[in-house]
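Quick note on UniProt numbering: the sequence shown kicks off at 1 and runs consecutively. Even glycine gets a Cβ: it sits at the ideal position worked out from N, Cα and C. All values derive from a computational prediction rather than experimental measurement. What follows is one structure encoded as structure tokens, with my remarks underneath.
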Amino acid sequence: MDQQQLKARVFALADEMQPLFEEVCDAVFRHPELGLAETWSSDYLVRMIADQGFSVQKPYCGLETAFRAEKGKGGPKIAFLAEYDALPGYGPAKDQTGHACGHNWIAASSFGAAAVLGRLADELGCTAVWIGTPAEETVGGKVDLVRAGAFDDVDLVLQMHLGDRTELRPHFLAMDSVEFTFEGVATHASNTPERGVNALDACNLTFCGINALRQHITPDARIHGIITQGGVAPNITPSHCVARFYVRAARRDYLNGLTEKVINCARGAELMTGAKMSYRYFENPFDDLNNCAPLLPVMEANLRAAGVEEFRDPEPNSAGSSDIGNVSHVCPTLYIPMETGNTDGSCCHDEAFLAHVNGPEAYRALNRGVKGMAATAVDALCDEALWQAVRTWIKRDAEN
Numbered sequence: 001m002d003q004q005q006l007k008a009r010v011f012a013l014a015d016e017m018q019p020l021f022e023e024v025c026d027a028v029f030r031h032p033e034l035g036l037a038e039t040w041s042s043d044y045l046v047r048m049i050a051d052q053g054f055s056v057q058k059p060y061c062g063l064e065t066a067f068r069a070e071k072g073k074g075g076p077k078i079a080f081l082a083e084y085d086a087l088p089g090y091g092p093a094k095d096q097t098g099h100a101c102g103h104n105w106i107a108a109s110s111f112g113a114a115a116v117l118g119r120l121a122d123e124l125g126c127t128a129v130w131i132g133t134p135a136e137e138t139v140g141g142k143v144d145l146v147r148a149g150a151f152d153d154v155d156l157v158l159q160m161h162l163g164d165r166t167e168l169r170p171h172f173l174a175m176d177s178v179e180f181t182f183e184g185v186a187t188h189a190s191n192t193p194e195r196g197v198n199a200l201d202a203c204n205l206t207f208c209g210i211n212a213l214r215q216h217i218t219p220d221a222r223i224h225g226i227i228t229q230g231g232v233a234p235n236i237t238p239s240h241c242v243a244r245f246y247v248r249a250a251r252r253d254y255l256n257g258l259t260e261k262v263i264n265c266a267r268g269a270e271l272m273t274g275a276k277m278s279y280r281y282f283e284n285p286f287d288d289l290n291n292c293a294p295l296l297p298v299m300e301a302n303l304r305a306a307g308v309e310e311f312r313d314p315e316p317n318s319a320g321s322s323d324i325g326n327v328s329h330v331c332p333t334l335y336i337p338m339e340t341g342n343t344d345g346s347c348c349h350d351e352a353f354l355a356h357v358n359g360p361e362a363y364r365a366l367n368r369g370v371k372g373m374a375a376t377a378v379d380a381l382c383d384e385a386l387w388q389a390v391r392t393w394i395k396r397d398a399e400n
């Protein structure tokens with residue numbers, strides 16, 4: 001069977017299995033769970049992929065809600081990544097958990113692509129891999145998986161994300177998460193102020209230093225922070241204060257230097273106040289996205305064949321961060337945002353976006369996304385020159 005016939009099989013299988021993909025999307029949507037607590041979701045997804053003839057490892061790489069499923073008899077390993085953690089703070093009282101980032105859709109689309117490729121694995125001489133990656137919204141489970149070697153034997157990674165537009169060239173900022181703790185000396189703020197060492201002053205001066213730093217950073221960089229502990233009473237000099245910052249930039253190499261400058265702001269605050277400073281990285285560091293450029297025109301052609309008509313560029317001054325960036329620097333990775341067709345202007349994390357991640361709009365995008373990912377995998381496997389470009393992508397990017 002030639003390449004085009006195999007892709008026709010992909011499209012036919014995706015249409016045939018669409019009700020199953022919608023079932024997965026709906027089930028995860030109705031059981032939202034926070035990162036590292038995705039017990040129901042991960043167990044459900046493992047059962048569903050096992051029904052497709054995949055062998056499963058769970059827990060995986062020391063993460064209780066991570067998993068890895070495989071189907072095939074060897075050859076190149078093509079991995080599709082699932083996310084399934086939800087977000088807090090929704091509902092009338094802002095006390096409900098919900099999939100406002102569409103991770104239920106990510107779980108379903110990656111499940112679908114893995115299941116379809118698994119049906120063709122023997123003909124293609126490959127192994128279809130589905131990896132469940134927990135806690136994208138918080139600590140970034142993919143970073144732990146990278147460190148544990150989960151992608152060392154993977155030849156290509158594909159993932160999609162639901163959004164307000166279909167993009168071929170998304171960008172993610174590298175990000176460090178830094179927590180500063182200042183220890184001062186408590187005293188009565190009015191009666192014996194001369195005895196105190198004010199840890200809150202140190203926090204505030206850290207913010208002042210960072211604000212001064214902003215005029216000397218690149219336009220892509222972002223620094224934002226909060227004070228999580230700022231004292232206990234106005235008449236007591238704060239002796240223990242904590243501040244947390246996210247520091248971001250377009251490239252990891254620049255970010256490393258910028259993070260050091262932010263830490264130096266806290267060191268300066270320590271010198272000015274006498275409050276002792278310590279710091280730690282409270283979440284995993286995220287790297288910028290290194291999308292596999294040779295596959296971009298291939299994915300575009302496959303998505304157009306699946307019914308996608310419009311591709312838009314990302315907003316130039318708008319970008320978040322994600323743990324998929326870390327994967328993209330150790331394994332060739334293609335990450336594509338897919339639009340739902342919503343017209344209300346809502347996007348990921350908006351409460352209104354909950355209406356677009358599970359239903360007719362999402363299911364249409366789901367069908368197109370499954371076809372796009374699985375067909376692009378077929379193209380990569382069947383085109384020797386393209387496969388060579390994919391296999392050498394990480395090395396070429398490092399050299400550049």
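Between the beta-carbon of Arg368 and that of Gly307 there is about 5 angstroms, and that keeps the pair under the 8 angstroms contact cut.
With contacts defined as CB atoms closer than 9 angstroms, Asn302 and Asp383 fail to qualify as a contacting pair.
DSSP places Met1 in the coil class of the three-state scheme, outside both helix and strand.
Exclusion of the five residues before and after Cys61 leaves Asp144, Leu145, Ala148, Ala150 as the residues of its chain whose Cβ lies within less than 7 angstroms of its Cβ. Comparing alpha carbon positions, the residue from Thr133, Val330, Glu351, Asn104 closest to Ala362 is Asn104.
Taking C-beta atoms as the reference points, Glu70 and Pro134 fail to come closer than 9 angstroms. Contact annotation: the region 201-210 does not touch the region 250-258, with fewer than three C-beta pairs closer than 8 angstroms. Counting only runs of 4+ residues, the alpha helix (DSSP H) found wholly inside the region 289-366 occupies 296-306, 324-328, in chain order.
Under DSSP, Ala128 takes part in a beta bridge, and its partners are Lys71, Ile78. Counting the other Cβ atoms within 10 Å of the Cβ of Pro219 gives fewer than 16, which makes it exposed. By the 16-neighbour rule on beta-carbons within 10 angstroms, His356 is buried.
The three-state secondary structure of Pro32, taken from DSSP, is coil. Of the residues Ser322, Asn290, Ala365, the one whose Cα lies closest to the Cα of Glu309 is Ala365. Taking a 10 Å sphere around the C-beta of Glu194, we find fewer than 16 other C-beta atoms and assign the residue as exposed. Closest in alpha carbon position to Arg222, among Leu173, Cys241, Glu179, is Leu173. About 6 angstroms separates the Cβ atoms of Cys101 and Leu87, confirming a contact at the 8 angstroms cut-off. Three or more pairs of CB atoms, one per stretch, sit closer than 8 angstroms, so the region 165-182 contacts the region 330-350. Collapsing the DSSP output to three states places Arg248 in a strand. Counting only the Cα atoms, Lys7 lies some 11 angstroms from Leu124.
Shown here for Gly268: same chain residues with a beta carbon closer than 6 angstroms to its own, the five before and five after excluded, namely Gly209 in chain order. If you ignore the 5 residues before and after Asn291, its C-beta comes within less than 8 angstroms of the C-beta of Arg169, Pro170, Ser328, Thr333, Leu334, Tyr335, all in its own chain and listed in chain order.
The count of Cβ pairs closer than 8 angstroms, one atom from the region 183-199 and one from the region 227-241, reaches three, so the stretches are in contact. Counting only the Cα atoms, Asn256 lies some 35 angstroms from Pro32. One alpha carbon belongs to Asp26, the other to Phe182, and they sit about 46 angstroms apart. C-alpha of Leu258 to C-alpha of Tyr246: approximately 11 angstroms in a straight line. Leaving aside the five residues that flank Pro294 on each side, the residues in its chain whose CB is nearer than 8 angstroms to its CB run, in chain order, Leu386, Ala389, Val390, Trp393. Bridge pairing for Ile227: Ala243 [DSSP]. Its chain contains Thr65, Tyr84, Asp85, Pro134 as the residues whose beta carbon lies nearer than 7 angstroms to that of Glu38, once the 5 sequence neighbours on both sides are disregarded; these appear in chain order.
Closest option to Gly140, judged by alpha-carbon separation, among Ser42, Asn358, Ala319, Asp176: Asp176. Straight-line measurement puts the Cα of Asp2 at about 43 angstroms from the Cα of Pro285. CA-CA distance, Ala212 to Cys265, rounds to 10 angstroms.
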